[in-house]
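Remarks on the structure that follows.
Protein chains: 2
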Amino acid sequence: MRKEITGFSNPTVKYLRSLRDKKHRKRSGQFLVEGLRLLEDARSCGHLPRQLVMAEGRHPHELLSRLEAEVETAGGEIITTTPDILSKITGKSNTQSVVGVFDELGTDLAGLNRSSAKIWLVAQDLRDPGNLGTMLRTGDAVGAGGLILIDDCADPFSAEAVRASMGAIFTQELAQARWEEFLPWLRGGSGQLVAASLRDAVPYRGAAYQAPCFILVGNESQGLPEEYETECDLRVTMPMRGRADSLNAAVAGAVLAYEVLAGLDAEAQNG
Amino acid sequence: MRKEITGFSNPTVKYLRSLRDKKHRKRSGQFLVEGLRLLEDARSCGHLPRQLVMAEGRHPHELLSRLEAEVETAGGEIITTTPDILSKITGKSNTQSVVGVFDELGTDLAGLNRSSAKIWLVAQDLRDPGNLGTMLRTGDAVGAGGLILIDDCADPFSAEAVRASMGAIFTQELAQARWEEFLPWLRGGSGQLVAASLRDAVPYRGAAYQAPCFILVGNESQGLPEEYETECDLRVTMPMRGRADSLNAAVAGAVLAYEVLAGLDAEAQNG
Chain A
5 MRKEITGFSN PTVKYLRSLR DKKHRKRSGQ FLVEGLRLLE DARSCGHLPR QLVMAEGRHP
65 HELLSRLEAE VETAGGEIIT TTPDILSKIT GKSNTQSVVG VFDELGTDLA GLNRSSAKIW
125 LVAQDLRDPG NLGTMLRTGD AVGAGGLILI DDCADPFSAE AVRASMGAIF TQELAQARWE
185 EFLPWLRGGS GQLVAASLRD AVPYRGAAYQ APCFILVGNE SQGLPEEYET ECDLRVTMPM
245 RGRADSLNAA VAGAVLAYEV LAGLDAEAQN G
Chain B
5 MRKEITGFSN PTVKYLRSLR DKKHRKRSGQ FLVEGLRLLE DARSCGHLPR QLVMAEGRHP
65 HELLSRLEAE VETAGGEIIT TTPDILSKIT GKSNTQSVVG VFDELGTDLA GLNRSSAKIW
125 LVAQDLRDPG NLGTMLRTGD AVGAGGLILI DDCADPFSAE AVRASMGAIF TQELAQARWE
185 EFLPWLRGGS GQLVAASLRD AVPYRGAAYQ APCFILVGNE SQGLPEEYET ECDLRVTMPM
245 RGRADSLNAA VAGAVLAYEV LAGLDAEAQN G
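Sequence order for the protein chains is A and B. Here the first sequence is numbered in the working numbering, starting from 5 and rising by one per residue. Here the second sequence is numbered in the working numbering, starting from 5 and rising by one per residue.
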């Protein structure tokens with residue numbers, strides 16, 4: 005279905021704008037994905053937007069034409085509007101942009117199949133949406149099953165997180181849970197909980213990682229609460245040769261994830 | 005020296021505000037550091053601000069008192085102002101904040117002593133100031149000598165880069181150069197140039213890294229130009245098990261830097 009919107013006060017415009025806000029995303033269960041590249045990533049992962057919004061007179065693009073056709077076939081809506089209204093929706097001045105409206109992806113712990121992957125990333129209280137998106141991207145690269153968000157993390161469906169994920173939000177499973185829910189779930193099956201820590205830890209290099217390995221990364225300024233660290237099956241340290249005693253959270257998770265990947269690969273070859 | 009500023013139109017206010025802008029930083033050769041934690045990091049690395057700005061009635065703090073005393077002893081200025089004017093300077097509403105004005109640090113290639121460290125990070129056309137700051141932080145952690153910025157990188161003295169560096173901007177050497185300057189400088193001494201690449205590359209794990217090792221990380225969307233990759237002494241690949249063919253630039257640099265560190269450490273022990 006095709007629709008044209010020409011008025012700023014159109015309720016659809018108001019609705020789309022509202023999706024830039026976490027509260028409204030939560031209420032509606034939808035989120036925005038901006039840019040043809042991300043939309044193409046979504047499509048190639050089997051995710052089509054419910055609505056596709058672009059400015060009239062946008063330059064034609066082969067990928068966009070295919071996407072439009074698929075959205076229409078799937079019963080979605082193609083909305084054209086004025087460049088000004090598009091800018092109002094995205095909050096940016098790029099009138100060549102295309103915006104898709106997606107249903108939020110499931111974030112239920114019970115929906116995860118832990119044995120589907122050797123690595124899972126777990127973020128606790130991570131406040132920076134860019135860090136969340138970067139962890140999703142890293143998760144995709146190391147073949148992780150997904151990202152589990154513990155306690156009060158940033159919203160993975162914010163524009164910044166989606167952008168930083170570079171499409172990995174569509175390839176990685178997502179779950180959100182409180183620690184009190186996560187821990188019983190984890191202990192209800194196999195799974196090694198690992199964190200970088202300064203407490204009673206072994207060197208991260210060549211440590212005894214086991215699949216499925218859950219890599220726990222703590223809050224940007226506080227790190228992990230002590231009781232969370234104590235729950236870990238393995239605590240590891242990374243070299244810190246300078247003044248600082250910590251890395252950026254997404255960086256720490258990635259360095260550890262690549263080490264775990266190498267360890268599990270070597271084990272698979274030797275076993 | 006102590007000074008009180010009560011008027012919004014005071015030229016010092018105008019000057020301090022202007023330092024949020026790259027063009028004005030370049031012209032004046034000064035930059036802002038916000039927050040007691042970062043200022044304390046700077047102090048402990050031997051860097052004191054020329055001016056220290058805070059709102060009147062700020063809560064007292066032991067570290068701040070010491071910092072004030074040292075700034076005054078060094079001939080610097082302590083400026084108190086109203087909470088409103090402080091907010092105008094920082095662009096934020098936190099009136100408990102403290103802001104320091106620092107002289108920009110040297111960024112001359114000729115000033116680097118390459119044999120002072122086994123690892124150097126090199127960023128090419130990196131546009132995200134957060135990525136630059138994160139690379140500085142990672143550099144500190146792996147004991148790198150510093151960060152070399154090639155071509156058109158973001159400004160390392162922006163508030164975002166300084167914040168993301170978590171103080172490492174004061175522990176790491178910085179240099180800025182065009183590729184045409186960097187390459188002759190590099191080839192004028194010992195140094196292995198390494199990059200992650202898909203071209204004719206060996207696995208990054210256990211590759212033959214040599215100190216001083218210069219780890220080259222390319223632009224966030226374009227990666228490295230082909231001719232830059234060709235110049236590298238060693239091209240390595242990292243596993244990519246998902247859809248994506250690349251990592252976040254700061255993450256890629258960190259994973260590689262930790263691998264280089266482990267390789268050079270092992271070599272030092274065996275040699």
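Just so it is clear, CB atoms sit at the ideal spot from N, CA and C, and this is done for glycine as well.
Query: Nearest candidate by alpha-carbon position, reference Leu-116 of chain A, set A:Ile-152, A:Arg-131 and A:Leu-23; Result: A:Ile-152
Query: Span of the alpha helix (DSSP H), counted from its first residue to its last, around Arg-167 of chain A; Result: 163-169
Query: Cβ-Cβ distance between Leu-68 of chain A and Pro-53 of chain A below 8 Å; Result: no
Query: Interface partners of Leu-130 of chain A on chain B, CB under 8 Å; Result: Correct list: empty, because the minimum Cβ distance to chain B is about 15 Å.
Query: Reference Trp-189 of chain A; option with closest CA among A:Ala-114, A:Thr-94, A:Tyr-262 and A:Arg-70; Result: A:Ala-114
Query: Leu-265 of chain B versus Leu-202 of chain A: straight-line alpha-carbon distance, rounded; Result: 19 Å
Query: Interface positions of the segment 89-117 of chain A facing chain B (Cβ-Cβ less than 9 Å), listed along the chain; Result: none
Query: DSSP three-state assignment for Ala-282 of chain A, whether helix, strand or coil; Result: Coverage of chain A is limited to positions 5 through 275, which leaves residue 282 of chain A absent and any answer about it impossible.
Query: Proximity test, Cβ basis, 8 Å: Asp-144 of chain B and chain A; Result: yes
Query: Residue burial classification, Glu-233 of chain B (beta-carbon count within 10 angstroms, cutoff 16); Result: buried
Query: Unbroken stretches of the alpha helix (DSSP H), 4 residues or longer, contained in the segment 28-101 of chain A; Result: 40-48, 66-77 and 87-94
Query: Short CB-CB distance (under 8 Å) between Asn-223 of chain A and chain B; Result: no
Query: Cutoff 8 Å: Thr-138 of chain A Cβ touching any chain B Cβ; Result: yes
Query: CB-CB length for Leu-90 of chain B against Ala-59 of chain B, believed under 8 Å; Result: 4 Å
Query: Neighbour flag for Pro-243 of chain B against chain A, beta carbons, 8 Å; Result: yes
Query: Stretch-stretch touch, CB-based, cutoff 8 Å, three pairs: the segment 99-107 of chain A with the segment 219-239 of chain A; Result: no
Query: Proximal chain A residues relative to Ala-172 of chain B, where beta-carbon distance stays under 9 Å; Result: Gly-246, Arg-247 and Ala-248
Query: CB contact below 8 Å: Tyr-262 of chain A versus chain B; Result: yes
Query: Residues near Ser-101 of chain A in its chain [Cβ-Cβ closer than 7 Å; skip 5 each side]; Result: Glu-38, Gly-39, Leu-90 and Thr-94
Query: Range covered by the beta strand (DSSP E) that runs through Leu-220 of chain B; Result: 217-221
Query: Residues that DSSP places opposite Phe-106 of chain A in a beta bridge; Result: A:Phe-35
Query: Stretch pair the segment 74-91 of chain A + the segment 11-18 of chain A: three plus CB contacts closer than 8 Å; Result: yes
Query: Contact set between Val-259 of chain A and chain B, taken where Cβ atoms lie within less than 8 Å; Result: Ala-258, Val-259 and Tyr-262
Query: Chain A within 8 Å of Leu-42 of chain B, Cβ atoms only; Result: no
Query: Among B:Lys-92, B:Ala-127, B:Tyr-208 and B:Leu-56, the one whose alpha carbon lies nearest that of Asp-159 of chain B; Result: B:Ala-127
Query: Simplified DSSP state of Ala-158 of chain A, which is helix, strand or coil; Result: coil
Query: Glu-224 of chain A - DSSP class collapsed to helix/strand/coil; Result: coil
Query: Sequence-distant residues of its chain with Cβ nearer than 8 Å to Cys-49 of chain B (five each side left out); Result: Gly-171, Phe-174 and Thr-175
Query: Buried versus exposed, by CB contacts within 10 Å (16 or more), Val-166 of chain A; Result: buried
Query: Start and end residues, beta strand (DSSP E) containing Thr-241 of chain B; Result: 238-241
Query: With 16 other Cβ atoms within 10 Å as the buried cut-off, status of Pro-133 of chain B; Result: buried
Query: Cβ-Cβ separation, Ala-179 of chain B to Asp-112 of chain B (assumed contact under 8 Å), whole Å; Result: 6 Å
Query: Below-8 Å beta-carbon distance, Gly-134 of chain B vs any chain A residue; Result: yes
Query: Cutoff 8 Å: Gly-192 of chain B Cβ touching any chain A Cβ; Result: no
Query: Alpha carbon of Gln-34 of chain B to alpha carbon of Lys-26 of chain B, nearest angstrom; Result: 10 Å
Query: Contact check, Leu-20 of chain A vs Ser-32 of chain A, beta carbons under 8 Å; Result: no
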